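A.B. asks: Would you mind keeping the following structure in view while I ask a few things?
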C-alpha cells in the first residue's frame, strides 16, 4: 500500500486561483459596478518624514483640483482633506473595470513634536501635494536676575 501525502492548502490555493480568475473576468463585473455611494471615501498614499528642521508630508492626489484640498493644523494634528470629483464621461453600462477612486478623502497625522504653525508652506504640483511644517526655533535659555 502506497501512502500519498495530502495537504488541504493545495486545494485552497486552487480554489483561490479559480475565484481570482472569476473576479478578473470582465463579463462577471457587468451589472455589478460600484455606484457613487460606494465610492464615497478613499485614502491617498502619503509619505511623512523629517528634513532639515521641517516635517514634510507628501500626498499623491492625481485628478484632485488644488481648490478642493484643505490643510488644517490643530494641536500637533495635521489634517489633509478634500474631494476628487467623479466625471460622468462614460456610461455605467460601458465599463468593464473601474479601479480609480472618487469622492471625499481625509487623512490626519499626529506630528512627533511641536511646530511653528505660522510658517507652514504647501505646494501642489503634478498631482503631488507637499506640505512643509517647520519645527519652532530652539528656545535659548533665559537667565532671570534675582532682586
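In the numbering used here, the protein residues as written are -3 to 143. Glycine included, every Cβ here is placed at the ideal spot set by N, Cα and C. All values derive from a computational prediction rather than experimental measurement.
#1: Does DSSP put residue 99 in a helix, a strand or coil?
#2: Under the three-state reduction of DSSP, which class applies to residue 11: helix, strand or coil?
#3: Check each candidate in 120, 52 and -2 and name the one with the smallest Cα separation from residue 64.
#4: Measuring alpha carbon to alpha carbon, tell me which of 122, 16 and 60 ends up nearest residue 100.
#5: Taking residue 118 as part of the beta strand (DSSP E), name the residues at either end of that continuous run.
#6: List the endpoints of the continuous beta strand (DSSP E) containing residue 126.
#7: Just the C-alpha distance for residue 104 and residue 122, rounded to the nearest angstrom, thanks.
#8: Check for me: the beta strand (DSSP E) holding residue 50 runs from which residue to which?
#9: How big is the Cα-Cα spacing for residue 130 and residue 48?
#10: Excluding the 5 residues preceding and the 5 following residue 128 in the sequence, name in chain order all residues of the same chain whose CB lies nearer than 6 angstroms to its CB.
#11: For residue 80, which of helix, strand or coil comes out of DSSP?
#12: Please report how far the alpha carbon of residue 12 lies from the alpha carbon of residue 3, in whole angstroms.
#13: Could you compute how far the alpha carbon of residue 79 sits from the alpha carbon of residue 14?
C.D. replies: To lay it out plainly:
#1: As a first step, residue 99 is located in the chain shown; it is residue number 103 there, counting from the start. It is a strand residue.
#2: If you number the chain shown from 1, residue 11 lands on position 15. In the structure shown, the three-state DSSP call for residue 11 is helix.
#3: Counted from its first residue, the chain shown places residue 64 at position 68. That would be 120, whose Cα lies nearest to the Cα of residue 64.
#4: One-based indexing of the chain shown puts residue 100 at position 104. For the residues 122, 16 and 60, the minimum Cα distance to residue 100 belongs to 60.
#5: As a working mapping, residue 118 is identified with position 122 in the chain shown. From DSSP, the beta strand (DSSP E) with residue 118 extends over 117 to 121.
#6: The residue labelled residue 126 in the question sits at position 130 within the chain shown. Residues 124 to 130.
#7: Numbered from 1 along the chain shown, position 108 holds the residue referred to as residue 104. Numbered from 1 along the chain shown, position 126 holds the residue referred to as residue 122. Going from the Cα of residue 104 to the Cα of residue 122 covers about 22 angstroms.
#8: Counted from its first residue, the chain shown places residue 50 at position 54. Element bounds for residue 50: 50 to 56.
#9: Sequence index remark: in the chain shown, residue 130 carries index 134 (1-based). Sequence index remark: in the chain shown, residue 48 carries index 52 (1-based). Their Cα atoms are separated by approximately 9 angstroms.
#10: Locating residue 128 in the chain shown gives position 132, where the first residue counts as 1. Excluding positions up to five away in sequence, the list reads 50, 52 and 117.
#11: Stepping through the chain shown from its first residue, residue 80 is reached at position 84. Reduced to three states, the DSSP call for residue 80 is strand.
#12: What you label residue 12 is simply residue 16 of the chain shown in a count that begins at 1. What you label residue 3 is simply residue 7 of the chain shown in a count that begins at 1. Their backbone Cα atoms lie some 15 angstroms apart in a straight line.
#13: Working through the chain shown from its first residue, we reach residue 79 at position 83. Working through the chain shown from its first residue, we reach residue 14 at position 18. Going by C-alpha positions, residue 79 is about 36 angstroms away from residue 14.
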